[in-house]
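Chemist: Pasting a structure below so you can have a look.
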Amino acid sequence: MAITATPREQRSWSLEKMPPWVGGIIGVVIIVLLWWLGSQTLYTATHAIPTPLSVVKHYFDTADWETLKTDFGPTTTEALWGFLWGDALALVAAGLVLLVPQFAPVVNQVAVVSYCLPPIAIGAILVEAAPLGSSIPPIVLAALAPFFTTVVGSLVGLQAASASSLDLVTAYGGSSLTQLRKVRLIAALPNIFAALKIAAPAAFLGAVLGEFVGGGGDNSVGVALISAQSHLQSDILWWLALTSGAVAGLGYLIVGIVGRLVTPWSSGQGGSR
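Heads up: the sequence shown begins at 2 in this note's numbering, then just goes up one per residue.
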(Lines of atoms letter the chains of each structure in order from A; the text may use other names.)
(Lines give C-alpha, C1' and ligand atoms only; values in the text may rest on other atoms or scores of the structure.)
Protein backbone atom coordinates (compact mmCIF):
# COMPACT_ATOMS: atom_id res chain seq x y z
CA MET A 2 0.00 0.00 0.00
CA ALA A 3 1.49 3.36 -1.05
CA ILE A 4 1.97 6.01 1.60
CA THR A 5 1.30 9.58 0.51
CA ALA A 6 2.48 12.67 2.30
CA THR A 7 -0.07 14.82 4.05
CA PRO A 8 -0.52 18.45 2.90
CA ARG A 9 1.33 19.66 6.03
CA GLU A 10 4.29 17.39 5.25
CA GLN A 11 4.32 18.58 1.64
CA ARG A 12 4.36 22.23 2.72
CA SER A 13 7.17 21.56 5.19
CA TRP A 14 9.23 19.80 2.54
CA SER A 15 8.76 22.65 0.03
CA LEU A 16 9.82 25.30 2.56
CA GLU A 17 12.93 23.37 3.47
CA LYS A 18 13.89 22.97 -0.20
CA MET A 19 13.33 26.64 -0.93
CA PRO A 20 16.52 28.55 -1.91
CA PRO A 21 17.85 30.83 0.86
CA TRP A 22 17.52 33.97 -1.27
CA VAL A 23 13.77 33.38 -1.62
CA GLY A 24 13.38 33.40 2.15
CA GLY A 25 15.45 36.58 2.29
CA ILE A 26 13.21 38.33 -0.23
CA ILE A 27 10.09 37.25 1.66
CA GLY A 28 11.58 38.59 4.90
CA VAL A 29 12.43 41.95 3.30
CA VAL A 30 8.93 42.27 1.86
CA ILE A 31 7.36 41.55 5.25
CA ILE A 32 9.62 44.10 6.97
CA VAL A 33 8.83 46.79 4.38
CA LEU A 34 5.09 46.14 4.70
CA LEU A 35 5.26 46.37 8.50
CA TRP A 36 7.36 49.54 8.18
CA TRP A 37 4.83 51.14 5.82
CA LEU A 38 1.95 50.11 8.07
CA GLY A 39 3.71 51.65 11.08
CA SER A 40 4.33 54.90 9.21
CA GLN A 41 0.62 55.16 8.41
CA THR A 42 -0.69 54.30 11.88
CA LEU A 43 1.94 55.27 14.48
CA TYR A 44 3.31 58.74 15.34
CA THR A 45 1.37 60.28 12.47
CA ALA A 46 1.48 63.69 14.17
CA THR A 47 5.27 63.82 14.53
CA HIS A 48 6.15 61.62 11.52
CA ALA A 49 8.78 59.87 13.63
CA ILE A 50 8.37 56.84 11.35
CA PRO A 51 8.79 57.98 7.74
CA THR A 52 7.42 56.04 4.82
CA PRO A 53 9.79 53.63 3.07
CA LEU A 54 9.56 55.71 -0.12
CA SER A 55 10.66 58.92 1.63
CA VAL A 56 13.76 57.11 2.90
CA VAL A 57 14.63 55.20 -0.27
CA LYS A 58 14.49 58.36 -2.40
CA HIS A 59 17.67 59.62 -0.72
CA TYR A 60 19.59 56.82 -2.44
CA PHE A 61 18.69 58.33 -5.82
CA ASP A 62 19.86 61.86 -4.95
CA THR A 63 23.37 62.81 -6.10
CA ALA A 64 23.80 65.38 -3.34
CA ASP A 65 22.87 62.78 -0.72
CA TRP A 66 25.48 60.39 -2.14
CA GLU A 67 28.11 63.10 -1.74
CA THR A 68 27.00 63.46 1.87
CA LEU A 69 27.34 59.72 2.35
CA LYS A 70 30.93 59.75 1.08
CA THR A 71 31.81 62.74 3.24
CA ASP A 72 30.32 61.29 6.43
CA PHE A 73 30.98 57.57 6.02
CA GLY A 74 34.59 57.92 4.85
CA PRO A 75 36.06 59.04 8.23
CA THR A 76 33.81 56.68 10.19
CA THR A 77 34.78 53.67 8.09
CA THR A 78 38.47 54.55 8.51
CA GLU A 79 38.09 54.77 12.29
CA ALA A 80 36.19 51.48 12.34
CA LEU A 81 38.91 49.79 10.29
CA TRP A 82 41.68 50.96 12.62
CA GLY A 83 39.66 49.87 15.64
CA PHE A 84 38.94 46.50 14.03
CA LEU A 85 42.65 45.92 13.34
CA TRP A 86 43.85 47.02 16.78
CA GLY A 87 41.13 45.27 18.77
CA ASP A 88 41.38 41.97 16.94
CA ALA A 89 45.18 42.02 16.88
CA LEU A 90 45.26 42.47 20.66
CA ALA A 91 42.63 39.74 21.07
CA LEU A 92 44.65 37.28 18.97
CA VAL A 93 47.82 38.08 20.89
CA ALA A 94 45.98 37.62 24.19
CA ALA A 95 44.57 34.26 23.07
CA GLY A 96 47.99 33.08 21.92
CA LEU A 97 49.54 34.21 25.19
CA VAL A 98 47.09 32.06 27.13
CA LEU A 99 48.15 29.01 25.12
CA LEU A 100 51.86 29.70 25.62
CA VAL A 101 51.64 30.82 29.24
CA PRO A 102 48.52 29.28 30.84
CA GLN A 103 49.11 31.31 34.04
CA PHE A 104 47.90 34.39 32.14
CA ALA A 105 44.47 32.82 31.48
CA PRO A 106 42.71 34.41 34.50
CA VAL A 107 44.07 37.85 33.61
CA VAL A 108 43.08 37.61 29.96
CA ASN A 109 39.62 36.29 30.87
CA GLN A 110 39.05 39.13 33.32
CA VAL A 111 40.18 41.76 30.81
CA ALA A 112 37.91 40.29 28.13
CA VAL A 113 34.89 40.17 30.45
CA VAL A 114 35.51 43.70 31.71
CA SER A 115 35.79 45.03 28.14
CA TYR A 116 32.45 43.37 27.38
CA CYS A 117 30.64 44.54 30.52
CA LEU A 118 31.74 48.17 30.57
CA PRO A 119 29.03 50.44 29.10
CA PRO A 120 30.56 51.79 25.86
CA ILE A 121 28.65 55.07 26.03
CA ALA A 122 30.23 55.83 29.43
CA ILE A 123 33.70 54.88 28.18
CA GLY A 124 33.13 57.06 25.11
CA ALA A 125 32.15 60.06 27.23
CA ILE A 126 35.29 59.68 29.35
CA LEU A 127 37.48 59.39 26.25
CA VAL A 128 35.90 62.48 24.69
CA GLU A 129 36.70 64.48 27.82
CA ALA A 130 40.29 63.22 27.92
CA ALA A 131 41.12 63.38 24.19
CA PRO A 132 41.81 66.58 22.24
CA LEU A 133 38.84 68.28 20.59
CA GLY A 134 37.89 66.55 17.36
CA SER A 135 40.23 63.63 18.00
CA SER A 136 39.53 60.25 16.42
CA ILE A 137 40.78 58.44 19.52
CA PRO A 138 37.33 57.84 21.13
CA PRO A 139 35.75 56.23 18.03
CA ILE A 140 38.84 54.10 17.38
CA VAL A 141 39.02 52.92 20.99
CA LEU A 142 35.33 52.01 21.08
CA ALA A 143 35.69 50.29 17.71
CA ALA A 144 38.55 48.25 19.20
CA LEU A 145 36.71 47.42 22.42
CA ALA A 146 33.52 46.26 20.70
CA PRO A 147 34.94 43.08 19.12
CA PHE A 148 37.64 42.28 21.69
CA PHE A 149 35.62 39.84 23.83
CA THR A 150 34.15 37.97 20.86
CA THR A 151 37.52 37.54 19.16
CA VAL A 152 39.27 36.41 22.35
CA VAL A 153 36.64 33.76 23.04
CA GLY A 154 36.47 32.56 19.44
CA SER A 155 40.26 32.41 19.15
CA LEU A 156 40.66 30.48 22.40
CA VAL A 157 38.03 27.95 21.37
CA GLY A 158 39.72 27.49 18.02
CA LEU A 159 43.26 27.27 19.39
CA GLN A 160 42.16 24.59 21.84
CA ALA A 161 40.41 22.57 19.11
CA ALA A 162 43.62 21.09 17.68
CA SER A 163 43.78 17.30 17.81
CA ALA A 164 45.92 15.78 20.55
CA SER A 165 47.63 13.42 18.08
CA SER A 166 48.88 16.35 15.98
CA LEU A 167 50.21 18.13 19.06
CA ASP A 168 51.91 14.95 20.26
CA LEU A 169 53.54 14.52 16.86
CA VAL A 170 55.07 18.00 17.05
CA THR A 171 56.30 17.27 20.57
CA ALA A 172 57.79 13.95 19.46
CA TYR A 173 59.88 15.75 16.86
CA GLY A 174 61.17 18.18 19.50
CA GLY A 175 58.76 21.01 18.81
CA SER A 176 58.00 23.58 21.52
CA SER A 177 54.67 25.10 22.53
CA LEU A 178 55.35 27.95 20.10
CA THR A 179 55.88 25.44 17.29
CA GLN A 180 52.60 23.74 18.19
CA LEU A 181 50.90 27.13 18.06
CA ARG A 182 52.32 27.98 14.63
CA LYS A 183 52.12 24.58 12.96
CA VAL A 184 48.96 23.05 14.41
CA ARG A 185 46.84 25.22 16.67
CA LEU A 186 46.68 28.30 14.43
CA ILE A 187 45.61 26.29 11.38
CA ALA A 188 42.98 24.42 13.39
CA ALA A 189 41.73 27.70 14.86
CA LEU A 190 41.29 29.60 11.57
CA PRO A 191 37.59 28.69 11.05
CA ASN A 192 36.73 29.81 14.59
CA ILE A 193 38.85 32.94 14.28
CA PHE A 194 37.14 33.99 11.06
CA ALA A 195 33.74 33.22 12.58
CA ALA A 196 34.61 35.63 15.40
CA LEU A 197 36.00 38.23 12.96
CA LYS A 198 32.75 38.20 11.00
CA ILE A 199 30.96 39.38 14.13
CA ALA A 200 33.82 41.75 15.00
CA ALA A 201 33.60 43.69 11.71
CA PRO A 202 30.08 45.14 12.15
CA ALA A 203 30.69 45.56 15.89
CA ALA A 204 33.75 47.71 15.16
CA PHE A 205 31.78 49.95 12.79
CA LEU A 206 28.93 50.40 15.25
CA GLY A 207 31.48 51.12 18.00
CA ALA A 208 33.02 53.88 15.87
CA VAL A 209 29.59 55.40 15.23
CA LEU A 210 28.85 55.35 18.95
CA GLY A 211 32.17 57.06 19.67
CA GLU A 212 31.24 59.85 17.25
CA PHE A 213 27.71 60.06 18.63
CA VAL A 214 29.02 60.94 22.10
CA GLY A 215 31.26 63.68 20.70
CA GLY A 216 34.39 62.06 19.28
CA GLY A 217 35.80 62.43 15.78
CA GLY A 218 35.61 65.36 13.42
CA ASP A 219 32.74 67.40 12.06
CA ASN A 220 32.18 65.06 9.12
CA SER A 221 31.13 61.69 10.46
CA VAL A 222 28.12 59.43 10.73
CA GLY A 223 27.68 60.21 14.42
CA VAL A 224 27.54 63.96 13.80
CA ALA A 225 25.12 63.45 10.89
CA LEU A 226 22.84 61.36 13.13
CA ILE A 227 22.87 64.04 15.82
CA SER A 228 22.09 66.74 13.25
CA ALA A 229 19.18 64.80 11.76
CA GLN A 230 17.81 64.04 15.22
CA SER A 231 18.02 67.64 16.43
CA HIS A 232 16.31 68.95 13.28
CA LEU A 233 13.57 66.27 13.43
CA GLN A 234 14.56 64.97 9.98
CA SER A 235 13.23 61.48 10.50
CA ASP A 236 13.67 60.40 6.88
CA ILE A 237 17.37 61.35 6.91
CA LEU A 238 17.79 59.73 10.34
CA TRP A 239 16.36 56.45 9.07
CA TRP A 240 18.36 56.73 5.85
CA LEU A 241 21.60 57.10 7.82
CA ALA A 242 20.61 54.24 10.13
CA LEU A 243 19.84 51.91 7.22
CA THR A 244 23.08 52.84 5.48
CA SER A 245 25.03 52.22 8.69
CA GLY A 246 23.45 48.78 8.92
CA ALA A 247 24.33 48.11 5.27
CA VAL A 248 27.98 49.13 5.81
CA ALA A 249 28.18 46.95 8.93
CA GLY A 250 26.67 44.06 6.97
CA LEU A 251 29.18 44.65 4.16
CA GLY A 252 32.00 44.27 6.66
CA TYR A 253 30.48 40.97 7.79
CA LEU A 254 30.22 39.81 4.17
CA ILE A 255 33.80 40.76 3.26
CA VAL A 256 35.29 38.94 6.25
CA GLY A 257 33.09 35.94 5.47
CA ILE A 258 34.34 35.81 1.87
CA VAL A 259 37.97 36.08 3.02
CA GLY A 260 37.32 33.32 5.54
CA ARG A 261 35.91 31.02 2.85
CA LEU A 262 38.96 31.65 0.66
CA VAL A 263 41.47 31.08 3.48
CA THR A 264 39.69 28.09 5.05
CA PRO A 265 37.87 26.28 2.21
CA TRP A 266 37.80 23.06 4.24
CA SER A 267 35.50 24.66 6.81
CA SER A 268 32.77 25.13 4.17
CA GLY A 269 33.13 21.67 2.68
CA GLN A 270 35.26 22.79 -0.26
CA GLY A 271 38.55 21.24 -1.15
CA GLY A 272 38.21 18.62 1.54
CA SER A 273 38.89 15.66 -0.74
CA ARG A 274 42.17 14.90 -2.45
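All C-beta atoms in this analysis are idealised placements derived from N, C-alpha and C, irrespective of residue type, glycine included.
By how many angstroms is the C-alpha of M19 removed from the C-alpha of S136?
Modeler: 46 Å
Chemist: Thinking C-alpha only, which one of K198, V224 and A80 is nearest I255?
Modeler: Answer by Cα proximity: K198.
Chemist: Are the beta-carbon atoms of W37 and T47 separated by less than 8 Å?
Modeler: no
Chemist: If the criterion is Cβ atoms closer than 8 Å, does the pair V128 and G257 meet it?
Modeler: no
Chemist: How would you call R185, buried or exposed, if buried means at least 16 neighbouring beta carbons within 10 angstroms?
Modeler: buried
Chemist: How long is the line joining the alpha carbons of A247 and W266, rounded to whole angstroms?
Modeler: 28 Å
Chemist: Determine whether the beta carbon atoms of V157 and A112 lie at a separation below 8 Å.
Modeler: Cβ atoms of V157 and A112: not closer than 8 Å.
Chemist: Three-state secondary structure (DSSP) at T71?
Modeler: helix
Chemist: Examine the Cβ distances between the region 54-69 and the region 117-125 and report whether three or more of them are shorter than 8 Å.
Modeler: no
Chemist: Which value, in whole angstroms, describes the spacing of the CA atoms of L243 and A172?
Modeler: 55 Å
Chemist: If you drop the 5 nearest sequence neighbours on each side, which residues of the same chain put their C-beta closer than 7 Å to that of N220?
Modeler: T71, D72 and P75
Chemist: In chain order, what residues of the same chain lie with their CB nearer than 7 Å to the CB of D65, ignoring the 5 residues before and after it?
Modeler: H59
Chemist: Identify, in the order they occur along the chain, each residue of the same chain with its Cβ nearer than 8 Å to the Cβ of V108, setting aside the five sequence neighbours on each side.
Modeler: So the list reads A94, A95, L97, V98 and V152, once near-sequence residues are dropped.
Chemist: For S135, which three-state DSSP category applies?
Modeler: coil
Chemist: What's the C-alpha gap between A131 and A229?
Modeler: One Cα belongs to A131, the other to A229, and the distance between them is close to 25 Å.
Chemist: Are the beta-carbon atoms of L233 and F213 separated by less than 8 Å?
Modeler: no
Chemist: Can you have a look at D62 and say buried or exposed, based on whether 16 or more other CB atoms are within 10 angstroms of its CB?
Modeler: exposed
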